[in-house]
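*Asks:*
In this note's numbering, the protein residues as written are 197 to 1296.
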């Protein structure tokens, strides 16, 4: 190209001169940014409006930006300060002073496929920002939302690091199906939010009414949780570090007072004597006369052995962001490590995210983002409901009930692994022999293009992929329930490996247009949105059960040498039917003069889960609002910043049933027999139903938004009425070869009031105080069961109890039924004889005393046995003087009253509690003082009951559990006793028996069957001090000397205390043992912990 070197040099010099000349024509703007006190503001984003070209102010508040785009406006933005736009107008120096932003009405709120200012909202939306989310350090960020959002109940069901966080928006609308809201992260629906890093979240917006959720159609029936992650800052590269470390201890360790070793020995002795098996005591404890020796025996506290260690937690989070002329980007990495309070259990998670925006030209923007997470959970888990075989003893209860005394051939060693029905298994061994290793991977990738076709008209095309996989490796050792009772190869370890996988593809196309420039009369504002969405989901599950490992294999060896198993007893591959959802939606908003607003939205969903003729559902909604503040007659009123009345009505759909529920499905198995023929394909146990259709939620909402005194006082009141009809219910079947069938049955009502209040009590330069709180009243009621009289359900805590939960019309969900306590049977209730063979007393109930034999004892009851009220279930008819039954006009007998029938059975069960609260909420205090900041959070719940399965298991003991430790209140002398402790003999004198027990406070705990009464259903209302954070931010005059933009140190204590009448470990618990129809069960829940951490926020 160039004939000689000098030619090339001339060309290069010419090019450099041209470029320098071009740069000389680009305008360079400099300036300084300060606050109201003239102090420099570092870290302020300064950018040219309409471009990605931006910088950040340095420690002196100075900036310099090159206006090579010829932009006309310069924007100054910083979190917590009012954004400022300055016209450039040829100036080379622009200095600004920024003010604190206290205008909450200008906050941006994310709604369906759009963002609006809070002042323009017409639906019911609750929001939380990054400060709220980071207030409580926890693996699952959503636990930090507890008590902060009106009408949004957030419950951490257990203390396990990977425990489910249950979110319910305005009550429970489903009877048997999942009632969780739809989770959307940066516009993409996801299955779970448990693996998202809290530091990566910018805001959370919860859509509560059908007008807000209807735009999401089939998935918005139970609310929508919109999560927006950090999008990076404009200007130079910004680096931030957020790290903390701390410790955790089991909260309320001594909630239950257990029997001392001496009381335990007494209890075992009495059990042996009344069952006429004295050697059951003497073989293990010695003779009666030596029992006093146990008074000086300290014994083992297995609670502390399992849950007494000090847990540790460490979290590191690093984020980077920056921008150039056309590109804005952000990246972050987080690492969390937690050694839990239970031995041999831990939690580890890595998070990586990246996001970038690219503006090649003014009217075109590309967005790409990626989130990766990898989570590892080690340990036996919280309780045994998911153990293979179904119902082993939970870890906590196993520790509570195990003998405190290392008896004869019952060693106090961790390697003891022989199970006894009388004793249970060594609690430490129980943890080791039920090892659970889980590895969860999640990848979310999405991208979008936004094209501004003409001013105010935008086309957005989005596409994405969500890939989720979990590998679960279970190990069952010799003491585990499965190896003892269920395994084909007994007394040899078993492994159960399960791999679950799902992948979701999504495409969304939206067109929006704002008619603001069309109307000459600027009082009119009109915009619309139209869109189409397509999602496709595929999933499968692979399970392999291997038995017969050598007896000495532990969990690591069984995983490492999988080929050592003698038998592969089960290998299944289950493909779920692919889920396809095609949707079309639209929304239009009109505002006149800032006073009157109307909006309408509609969405049509076509789901592959339903059969032809039922695939499509249409969900419309509408809303109107009146901004009274902008009325001319109110504008002169001082201190009224906002007074806005809203009404909305809408329908949202639900299709949360497994794919393939409308036709018969099969799974591959190692071997199955169908019609006498050996096959490797077997049918699933759910009966198909081609008539299934959409479940629909109809919602009415009235809202009032208020703000006064320059928004120092603000409040929102919401009234709602939600009806879920054509409920999708998993209906149990029997005698037809299937276990259940999905049907559309019945409807459920949720209605209530929500109130939120915020007040800025003090607001000065160096100190301030803000209080906020909320309350949500909700009434839940089953309106219809579609012709069914009732649905009975068992928690299966103990199979002999039978059903404890009942669903019927005009009652709420979660109602618990049991027997009404009436003290215990007394000596006067019986006639006594002495058994000539055993020399022991034999007791027979007197005439007229209600007989609870069917409930408690297969061979009769005795003094001290629990007594229940005989409910009036039998009609007594009116008679004339001659004794003839009177008849009414229709010829039916006239009922005078009802009486008991003298027999205690299931007909005598009554309502003894409800798991659903009628009032939930929380309040928060925020203060700052000369660099110090304080945040205190509380949450509460009122009106709900908990079924205390722990107390039931610790106060009832059958003959097979004769060596199980119980509560101290069950010790002989405190509870009813049948032993004369001066002689060690069973009392045969009725008068002496009555005298010995005249001051007892508890029924005798020994019986043949378990039962549920109102004694075990407790008021679980509570007030919890959720968290307290104290921080200090170093002055900029110090940090800027070492080139640091921000340095804050802080300490946080979580779960400080809980005020409640509940006698268990924690009232906020839900260890569902069987189905969603048995909520509010506390059965060997993983205990919650008190945590203390120290951390640092560092910015460069």
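All C-beta atoms, glycine included, are put in the ideal place defined by N, C-alpha and C.
Could you check where the beta strand (DSSP E) with residue 138 kicks off and where it finishes?
*Replies:* No answer is possible for residue 138: the residues shown for the chain start at 197 and end at 1296.
*Asks:* Just curious, the alpha helix (DSSP H) that residue 503 is in, first and last residue?
*Replies:* Residue numbering aside, residue 503 sits at position 307 when the chain shown is read from its first letter. Taken as a continuous stretch (DSSP letters only), the alpha helix (DSSP H) holding residue 503 covers 498-503.
*Asks:* Identify which residue in 1213, 1127, 924 and 482 has its Cα closest to the Cα of residue 461.
*Replies:* For the purposes of this step, residue 461 is identified with residue 265 of the chain shown, where counting begins at 1. Closest by alpha carbon: 482.
*Asks:* If we ignore side chains and look at the alpha-carbon of each, how far apart do residue 242 and residue 273 end up?
*Replies:* For this step, residue 242 is matched to residue 46 along the chain shown. For this step, residue 273 is matched to residue 77 along the chain shown. When rounded, the distance between both Cα atoms is 7 Å.
*Asks:* Excluding five sequence neighbours on each side, which residues of the same chain lie with their C-beta closer than 6 Å to the C-beta of residue 784?
*Replies:* Locating residue 784 in the chain shown gives position 588, where the first residue counts as 1. Same-chain partners within the cutoff: 724 and 796.
*Asks:* Can you name, in chain order, every residue of its own chain whose Cβ lies under 6 Å from the Cβ of residue 533, other than the five neighbours on each side?
*Replies:* Numbered from 1 along the chain shown, position 337 holds the residue referred to as residue 533. Cβ neighbours of residue 533 beyond the five flanking positions: 510 and 544.
*Asks:* Quick one: grab the DSSP three-state call for residue 754.
*Replies:* Along the chain shown, read from residue 1 onward, the residue named residue 754 stands at position 558. Three-state DSSP puts residue 754 in a helix.
*Asks:* Going by other Cβ atoms of all chains shown within 10 Å of its Cβ, with 16 needed for buried, is residue 472 buried or exposed?
*Replies:* Within the chain shown, the letter at position 276 stands for residue 472. Residue 472 should be labelled exposed.
*Asks:* Can you tell which of 969, 555, 1285 and 558 has its C-alpha closest to the C-alpha of residue 1121?
*Replies:* Residue mapping note: residue 1121 aligns to position 925 of the chain shown, counting from 1. Checked all of 969, 555, 1285 and 558; the closest Cα to residue 1121 is 969.
*Asks:* Is the distance from the Cβ of residue 444 to the Cβ of residue 573 below 8 Å?
*Replies:* For the purposes of this step, residue 444 is taken as residue 248 along the chain shown, with counting starting at 1. For the purposes of this step, residue 573 is taken as residue 377 along the chain shown, with counting starting at 1. The answer is no: Cβ separation not under 8 Å.
*Asks:* Would you report the Cα separation of residue 436 and residue 401, rounded to the nearest angstrom?
*Replies:* Residue numbering aside, residue 436 sits at position 240 when the chain shown is read from its first letter. Residue numbering aside, residue 401 sits at position 205 when the chain shown is read from its first letter. Rounded to the nearest angstrom, the two C-alpha atoms are 25 Å apart.
*Asks:* What is the residue span of the beta strand (DSSP E) that residue 846 lies within?
*Replies:* Locating residue 846 in the chain shown gives position 650, counting from the first residue. From DSSP, the beta strand (DSSP E) with residue 846 extends over 836-850.
*Asks:* Could you check where the beta strand (DSSP E) with residue 665 kicks off and where it finishes?
*Replies:* Numbered from 1 along the chain shown, position 469 holds the residue referred to as residue 665. Looking at the DSSP string, the run of the beta strand (DSSP E) that includes residue 665 is 653-672.
*Asks:* Put residue 218 into one of helix, strand or coil per three-state DSSP.
*Replies:* Within the chain shown, the letter at position 22 stands for residue 218. Only weak support is given to the placement of residue 218: the predicted model assigns it a pLDDT of 40, under 50, and the value that follows is read from those uncertain coordinates. DSSP places residue 218 in helix when its eight states are reduced to three.
*Asks:* Below 6 Å CB to CB, which residues in the same chain sit around residue 504 once its five sequence neighbours on both sides are set aside?
*Replies:* Position 308 of the chain shown, counted from the first residue, corresponds to residue 504. No residues qualify anywhere along the chain.
*Asks:* Given a threshold of 16 other Cβ atoms within 10 Å of its Cβ, counted over all protein chains shown, does residue 524 qualify as buried or as exposed?
*Replies:* Start at 1 with the first residue of the chain shown, and residue 524 comes out as number 328. So residue 524 counts as buried.
*Asks:* If you draw a straight line from the alpha carbon of residue 204 to that of residue 271, how long is it in whole angstroms?
*Replies:* Position 8 of the chain shown, counted from the start, is the residue given in the question as residue 204. Position 75 of the chain shown, counted from the start, is the residue given in the question as residue 271. Unreliable placement is indicated for residue 204, whose pLDDT of 41 sits below 50; no coordinate value is reported for it.
*Asks:* Can the beta-carbon of residue 640 be found closer than 8 Å to that of residue 386?
*Replies:* Position 444 of the chain shown, counted from the first residue, corresponds to residue 640. Position 190 of the chain shown, counted from the first residue, corresponds to residue 386. It is a contact, given that the beta carbons lie within the stated cut-off.
*Asks:* Quick check on the DSSP output: the alpha helix (DSSP H) that includes residue 597 runs from which residue to which?
*Replies:* Looking up residue 597 in the chain shown gives position 401. Start and end: 591-597.
*Asks:* Distance, Cα to Cα, residue 719 vs residue 790?
*Replies:* In the chain shown, residue 719 corresponds to position 523, counting from 1. In the chain shown, residue 790 corresponds to position 594, counting from 1. Cα to Cα, the separation comes out at about 7 Å.
*Asks:* By DSSP, does residue 680 sit in helix, in strand, or in coil?
*Replies:* Along the chain shown, one-based indexing puts residue 680 at 484. The answer is helix: DSSP assigns residue 680 an H, G or I state.
*Asks:* Helix or strand or just coil, what does DSSP make of residue 697?
*Replies:* Position 501 of the chain shown, counted from the first residue, corresponds to residue 697. Strand.
*Asks:* Is the stretch 1006-1024 touching the stretch 1054-1071 in the sense that three or more CB pairs, one from each, lie closer than 8 Å?
*Replies:* Yes, they touch.
*Asks:* Near residue 1280, what residues of its chain come up, given a Cβ to Cβ distance below 6 Å and the 5 sequence neighbours on each side ignored?
*Replies:* Working through the chain shown from its first residue, we reach residue 1280 at position 1084. So the qualifying residues of the chain are 579, 590, 592 and 593.
*Asks:* With burial defined as no fewer than 16 other Cβ atoms inside 10 Å of the residue's Cβ, what is the status of residue 920: buried or exposed?
*Replies:* Residue 920 sits at position 724 when you count from the first residue of the chain shown. By the 10 Å Cβ count, residue 920 comes out buried.
*Asks:* Which term fits residue 455, buried or exposed, when burial requires 16 or more other beta carbons within 10 angstroms of its beta carbon?
*Replies:* As a first step, residue 455 must be located in the chain shown, where it is residue number 259. Buried is the call here.
*Asks:* Whose C-alpha, out of 1168, 980, 1263 and 1190, is nearest the C-alpha of residue 1214?
*Replies:* Position 1018 of the chain shown holds residue 1214. Nearest of 1168, 980, 1263 and 1190 to residue 1214, Cα basis: 1263.
*Asks:* Evaluate contact between the stretch 1188-1203 and the stretch 1096-1106, counting only Cβ atoms and requiring at least three cross-stretch pairs below 8 Å.
*Replies:* Counting Cβ pairs under 8 Å, fewer than three are found: no touch.
*Asks:* Take the Cβ of residue 395 as the centre, count every other Cβ of all protein chains shown within 10 Å, and call the residue buried at 16 or more, exposed below.
*Replies:* Numbered from its first residue, the chain shown carries residue 395 at position 199. Flag for residue 395 reads buried.
*Asks:* In three-state DSSP terms, what is residue 204?
*Replies:* Here residue 204 refers to the residue found at position 8 of the chain shown. Caution applies to residue 204, whose pLDDT of 41 falls short of 50 and renders its modelled position unreliable; the model cannot decide the point.
*Asks:* Could you give the distance in angstroms between the alpha-carbon of residue 1290 and the alpha-carbon of residue 228?
*Replies:* Counted from its first residue, the chain shown places residue 1290 at position 1094. Counted from its first residue, the chain shown places residue 228 at position 32. Each residue's Cα considered, the two are about 35 Å apart.
*Asks:* Using a 10 Å radius around the Cβ and a threshold of 16 neighbouring Cβ atoms, would you call residue 1315 buried or exposed?
*Replies:* Within the shown structure, residues of the chain are numbered from 197 to 1296, placing residue 1315 beyond reach of any answer.
*Asks:* Quick one: what's residue 507 bridged to in DSSP?
*Replies:* Within the chain shown, the letter at position 311 stands for residue 507. Residue 507 is bridged to 444.
*Asks:* What do you get for residue 1218, buried or exposed, if any count of 16 or more other CB atoms within 10 angstroms of its CB means buried?
*Replies:* Numbered from 1 along the chain shown, position 1022 holds the residue referred to as residue 1218. Buried, by the Cβ-count rule.
*Asks:* Is there a Cβ from chain D that is less than 8 Å from the Cβ of residue 692?
*Replies:* The question asks about chain D, but that chain is absent: this structure has only one protein chain.
*Asks:* Can you tell me whether residue 562 is helix, strand or coil according to DSSP?
*Replies:* Counting from 1 along the chain shown, the entry for residue 562 is found at position 366. Looking at residue 562 - three-state DSSP - the assignment turns out to be strand.
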